[in-house]
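Q: Reading the sequence shown from the start, the letters are residues 7 to 420 in the numbering used here. Even glycine gets a Cβ: it sits at the ideal position worked out from N, Cα and C. I'd like to ask you about the structure that follows.
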Amino acid sequence: MSGSAQPYLTSEMADLIRKAISWDGAARKREYIISGRTRHFRVSESACFILQRVLSGDTFAQIAGTINAQATGSQVTEEQVESACLRLIAQLEADRDDAEVKPKAFGFWGRRQLFPKDLVLAIARPMSALYGRWPAGLLLIFTLCISIIALKGGGTRMPHTGYLAAYLLFLLSLMVHEFGHAAACCRFGQEPNEIGFTVYLIYPALYSNVTSAWRLARWQRVVVDAGGIFFQSIIASTYMGLYWITGWDPFRFAFLMVLLSVAWSLNPLFKYDGYWILSDLLGVANLHRQMPLVWSHFWNRLRGRAVPLLPWPGKIIAVLLVYSVCTSLAWTLFSWRLLQSLLVLFTRLPHSLASMGSSVWAGTFPATNDLRTCVAALLLLPLPMMIAVQIIRRLWVNSPPAPASGVAALKLKA
Ligand SMILES: [Zn+2]
């Protein structure tokens, strides 16, 4: 070992480090985003400093010397600098197009691409014009007026027919929603990635991969987060307008379904649009992963232990505390309800299995109800384990705080 990491840096890595940009967040210490080929890395100021010194040819001993000359508190050793540096370089090195391990987002069960990146770009780029000041302002007024008139004028009556057509119109609005995120990303000069299908927790969902939005300013990220709801509201208002013109009930029913779906998307407790809007408004990355940090901080303070300062200003910490209480309650309630449904399902299972066995034995097709119970039990089997792990992690384990450097979480907007 020559005492320098420069020989390990490829010219491509050097280029990425040179293009590192400051991340617009609320933390007291500055953070940086280094954008690789497939992933974005959020690194602390000191990590970015080390990489840049390596780039300029400094040895580990020289870097440790520079850090210690500026530091007022604890000192770092040459070995600590070396290990931090090699870890960062290893992460950058693992970021290749052919990397075997695909980055995963927590809570999402697999992803199936529906629109590849090129197609998303071709469709989303022209749509990004809707985010201009005038078009966006006029469209907001349009959706607001239509929604108010529809809700005041008895538009919420349940229709009697046309459920299938209404559901297809609703599915179309979900697709448009995803393009809303992608188009906002294009508007601010970043390239969105694929749009696809996933299962989030237990809900089937479409998603738009807009991880490149990590490079945007805070207010621009909020626009990307809210972009799906914006586009979906435009199409919903158009449905309502068409209902007034044609009198065709499925348009009105589709409008109502979109309204409910938008209200659900704004819920910040699970990883829907509301979660990302809150996260970017606060300037706190990975909200869910900060919960253990906030909990352990206050728990240790209650026990009279000396604790390091949390990385954010007081107002942000207060919001995080309220948010973490609400999230923990919501997760517990969600898990409890799900567990109750699973118990009912599994108590029915032995009877359904026996009934299916006798049908097969008798050479007849099993009853639909029995089939449904068995398939549902099979699909839902992994869930109790996942819930148990969730609860233990959230309530009893003092999880380590979110790392100062690492792969920035995928921004999958459902
Ligand atoms: Zn969305």
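For Val290, which three-state DSSP category applies?
A: By one-based count along the sequence shown, residue 290 stands at place 284. It is coil, neither helix nor strand.
Q: By Cβ distance below 7 angstroms, which residues in the same chain neighbour Ala67 in space, the five residues on each side in sequence not counted?
A: Within the sequence shown, the letter at position 61 stands for residue 67. Cβ within range, chain order: Gly9 and Glu84.
Q: Pick from Asn74, Leu22 and Ser62: whose alpha carbon is nearest that of Val49?
A: For the purposes of this step, residue 49 is taken as residue 43 along the sequence shown, with counting starting at 1. Ranking the options by Cα distance to Val49, first place goes to Leu22.
Q: Quick check on DSSP: helix, strand or coil for Gly247?
A: As a first step, residue 247 must be located in the sequence shown, where it is residue number 241. Residue state, collapsed to three classes: helix.
Q: For Lys25, collect the residues of the same chain with a Cβ closer than 8 angstroms to its Cβ; drop the 5 residues on either side in sequence, then sort them by chain order.
A: Start at 1 with the first residue of the sequence shown, and residue 25 comes out as number 19. These residues qualify, in order along the chain: Ile40 and Ser41.
Q: For Ile201 and Val126, which I take to be in contact (beta-carbon distance under 8 angstroms), what is that distance rounded to the nearest angstrom?
A: Position 195 of the sequence shown, counted from the first residue, corresponds to residue 201. Position 120 of the sequence shown, counted from the first residue, corresponds to residue 126. Contact flag correct, Cβ pair sits at about 5 angstroms.
Q: Quick check: does the Cβ of His187 come within less than 7 angstroms of any heavy atom belonging to ligand 1?
A: The count along the sequence shown starts at 1 and reaches residue 187 at position 181. Yes, the Cβ of His187 comes within 7 angstroms of a heavy atom of ligand 1.
Q: Measuring alpha carbon to alpha carbon, tell me which residue in Thr338, Thr370 and Gln346 is nearest Ile398.
A: For the purposes of this step, residue 398 is taken as residue 392 along the sequence shown, with counting starting at 1. Measuring from the Cα of Ile398, the nearest candidate turns out to be Thr338.
Q: For Ala171 and Trp254, what's the separation of their Cα atoms in angstroms?
A: Within the sequence shown, the letter at position 165 stands for residue 171. Within the sequence shown, the letter at position 248 stands for residue 254. Taking the straight line joining both Cα atoms gives about 10 angstroms.
Q: Could you have a look at Tyr329 and say whether DSSP puts it in helix, strand or coil?
A: Within the sequence shown, residue 329 is the residue found at index 323, counting from 1. If DSSP states are grouped into helix, strand and coil, Tyr329 belongs with the helices.
Q: Does the distance from the CB of Leu275 to the CB of Thr333 come in under 8 angstroms?
A: By one-based count along the sequence shown, residue 275 stands at place 269. By one-based count along the sequence shown, residue 333 stands at place 327. Yes; because the gap between Cβ atoms is below 8 angstroms, this pair is in contact.
Q: Is it the case that the CB of Gly280 approaches a heavy atom of ligand 1 more closely than 7 angstroms?
A: Locating residue 280 in the sequence shown gives position 274, where the first residue counts as 1. No, since every heavy atom of ligand 1 falls outside the 7 angstroms radius drawn around the Cβ of Gly280.
Q: Return yes when at least one heavy atom of ligand 1 lies under 7 angstroms from the C-beta of Gly202, else no.
A: Here residue 202 corresponds to residue number 196 of the sequence shown, with the count starting at 1. Every heavy atom of ligand 1 is 7 angstroms or more from the Cβ of Gly202, so no.
Q: Roughly how many angstroms lie between the CA atoms of Trp305 and Asn292, to the nearest whole one?
A: Here residue 305 refers to the residue found at position 299 when the sequence shown is read from its first residue. Here residue 292 refers to the residue found at position 286 when the sequence shown is read from its first residue. Answer to the nearest angstrom: the Cα atoms are 21 angstroms apart.
Q: Starting from the C-beta of Ala105, find all residues in its chain whose C-beta is less than 8 angstroms away, skip the five residues before and the five after it, and write them out in chain order.
A: Here residue 105 refers to the residue found at position 99 of the sequence shown. At Ala105, the pLDDT of 48 sits below 50, so the modelled position is not reliable and the matter cannot be decided from this model.
Q: For a minimum of 4 consecutive residues, which ranges assigned as the alpha helix (DSSP H) are wholly contained in the segment 117 to 155?
A: Correct list: 123 to 133.
Q: Would you kindly work out how many angstroms separate the C-alpha atoms of Phe203 and Gln296, rounded to a whole number?
A: Counted from its first residue, the sequence shown places residue 203 at position 197. Counted from its first residue, the sequence shown places residue 296 at position 290. For Phe203 and Gln296, the distance between alpha carbons rounds to 27 angstroms.
Q: Could you check if Asn74 is buried or exposed, using at least 16 other CB atoms within 10 Å of its CB as the buried criterion?
A: Start at 1 with the first residue of the sequence shown, and residue 74 comes out as number 68. Exposed: under 16 other Cβ atoms inside 10 Å.
Q: Any heavy atom of ligand 1 within a distance shorter than 7 angstroms of the CB on Gly168?
A: The residue you call residue 168 lines up with position 162 of the sequence shown. Outside the cutoff, so no.
Q: At a threshold of 7 angstroms, does Gly234 count as lining ligand 1 (C-beta to nearest heavy atom)?
A: One-based indexing of the sequence shown puts residue 234 at position 228. Yes, since a heavy atom of ligand 1 falls inside the 7 angstroms radius drawn around the Cβ of Gly234.
Q: Suppose contacts are defined by Cβ-Cβ distances below 8 angstroms. Is Val228 in contact with Asp279 by that definition?
A: Within the sequence shown, numbered from 1, the residue matching residue 228 stands at position 222. Within the sequence shown, numbered from 1, the residue matching residue 279 stands at position 273. For Val228 and Asp279, no; Cβs fall outside 8 angstroms.
Q: Could you name the residues that DSSP lists as bridge partners for Pro210?
A: Reading the sequence shown from its first residue, position 204 is the one you call residue 210. Pro210 pairs with Val205.
Q: Flag this pair as touching only if the segment 217 to 225 and the segment 242 to 250 have three or more C-beta atom pairs under 8 angstroms; answer yes or no.
A: No: the two stretches stay apart, fewer than three of their Cβ pairs being nearer than 8 angstroms.
Q: Within 10 angstroms of the Cβ of Ala421, are there 16 or more other Cβ atoms? Answer buried if so, exposed if not.
A: Given a span of 7 to 420 for the chain in the structure shown, any question on residue 421 remains unanswerable.
Q: Could you say which of Leu359, Leu146, Ala33 and Thr353 lies nearest to Gly320 if we only look at CA atoms?
A: Here the question's residue 320 lines up with position 314 in the sequence shown. Checked all of Leu359, Leu146, Ala33 and Thr353; the closest Cα to Gly320 is Ala33.
Q: May I ask you to check if the CB of Ser271 is nearer than 7 angstroms to at least one heavy atom of ligand 1?
A: The count along the sequence shown starts at 1 and reaches residue 271 at position 265. Ser271: yes, Cβ under 7 angstroms from ligand 1.
Q: Would you say the beta carbon of His357 comes nearer than 7 angstroms to a heavy atom of ligand 1?
A: As a first step, residue 357 is located in the sequence shown; it is residue number 351 there, counting from the start. Not under cutoff, so the answer is no.
Q: With DSSP as the reference, label Ser62 as helix, strand or coil.
A: Numbered from 1 along the sequence shown, position 56 holds the residue referred to as residue 62. Correct three-state label for Ser62: coil.
Q: For the candidate residues Asp64, Ala96, Asp30 and Gln86, whose alpha-carbon lies nearest to that of Met19?
A: For the purposes of this step, residue 19 is identified with residue 13 of the sequence shown, where counting begins at 1. With distances taken between Cα atoms, Met19 lies closest to Ala96.
Q: Pop quiz: Ile322 and Leu288 are said to be a contact at Cβ under 8 angstroms. What is the actual Cβ separation, rounded to whole angstroms?
A: Taking the sequence shown and counting its residues from 1, the one referred to as residue 322 is at position 316. Taking the sequence shown and counting its residues from 1, the one referred to as residue 288 is at position 282. Indeed, because the Cβ distance is near 6 angstroms, the residues count as touching under 8 angstroms.
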